[in-house]
Amino acid sequence: MAPFHALLLAGGRASRLGGRDKLMVRVGGRTVLEGVVAAVPDTGRVVIVGPRRDLELDREVLWVREDPPFAGPLHAVAAGMAALQPADDDEVLILAGDLLRPDLVVDALTAGSGARVAVDPDGRRQWACSRVRAGDLARALAATDTADAPLKAVIGALDPLDVPLTAEATADLDTPDDLEEYADVER
31 MAPFHALLLA
41 GGRASRLGGR
51 DKLMVRVGGR
61 TVLEGVVAAV
71 PDTGRVVIVG
81 PRRDLELDRE
91 VLWVREDPPF
101 AGPLHAVAAG
111 MAALQPADDD
121 EVLILAGDLL
131 RPDLVVDALT
141 AGSGARVAVD
151 PDGRRQWACS
161 RVRAGDLARA
171 LAATDTADAP
181 LKAVIGALDP
191 LDVPLTAEAT
201 ADLDTPDDLE
211 EYADVER
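Position in the sequence shown (first residue = 1) + 30 = my numbering.
This is the structure in structure tokens:
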């Protein structure tokens, strides 16, 4: 079985939270980003795309930045793939860094085979929660003008299977109300 690597998208500005770094909010005794790293299968490497943060982790991770910083998820995925350099048959999980229940997302995306994209309860595809084969992703990136393209231009080109998720699985930190509801809550 091919290893599962992970690209964790952690480079946003947190503008909806007034600049507070939501990935460093403690939920259940650890930061949100530590929780996402912990949910990734230990069969592959983890690349965090965003500014380096002081985390307590049980595994080694590679830190990279998209160029230019804050250029968006597609640039983050491209930077992560360049750093990861996976084999064509390796599997790659693309995960938003602010997931509160990343274990549920990872379980859903790693079940079965083939390209997959998480779908929230409202039917919206969550492109930053996807699973793809590394070679397919590399070819899709090479065929896309990444200057202004959204992440869905690359992942969507791979014709991923929709994976419906619950509201619990897709919960994240975006607003002050989310902080009030989830921060320092045991999972």
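Yeah, the Cβ is synthetic: ideal placement off N, Cα and C, and Gly gets one too. All of these numbers come straight from a predicted model, not from anything done at the bench.
Between A158 and A126 a beta carbon distance of about 4 Å is seen, short of the 8 Å cut, so the two are scored as contacting. Closest by C-alpha distance to L104, out of A213, T200, G186, is G186.
The residue among T176, D202, K182, V149 with its C-alpha nearest the C-alpha of P194 is V149. Between K52 and D128, the C-beta spacing is below 7 Å. L191 and G49 have their C-alpha atoms roughly 35 Å apart.
A direct Cα-Cα distance of roughly 11 Å separates G41 from A109. By the neighbour-count criterion, in which 16 or more other beta carbons inside 10 Å mark a residue as buried, G65 falls on the buried side. Counting along the chain, the unbroken alpha helix (DSSP H) around A68 starts and ends at 62–69.
According to the DSSP assignment, V77 belongs to the beta strand (DSSP E) that extends over 76–79. E198 and R131 have their C-alpha atoms spaced approximately 7 Å apart. Boundaries of the alpha helix (DSSP H) harbouring P132: 132–140, taken from the DSSP string. L37 and P98 have their C-alpha atoms some 17 Å from each other. Three or more Cβ pairs closer than 8 Å define a contact, and the segment 141–156 falls short of that threshold against the segment 72–89.
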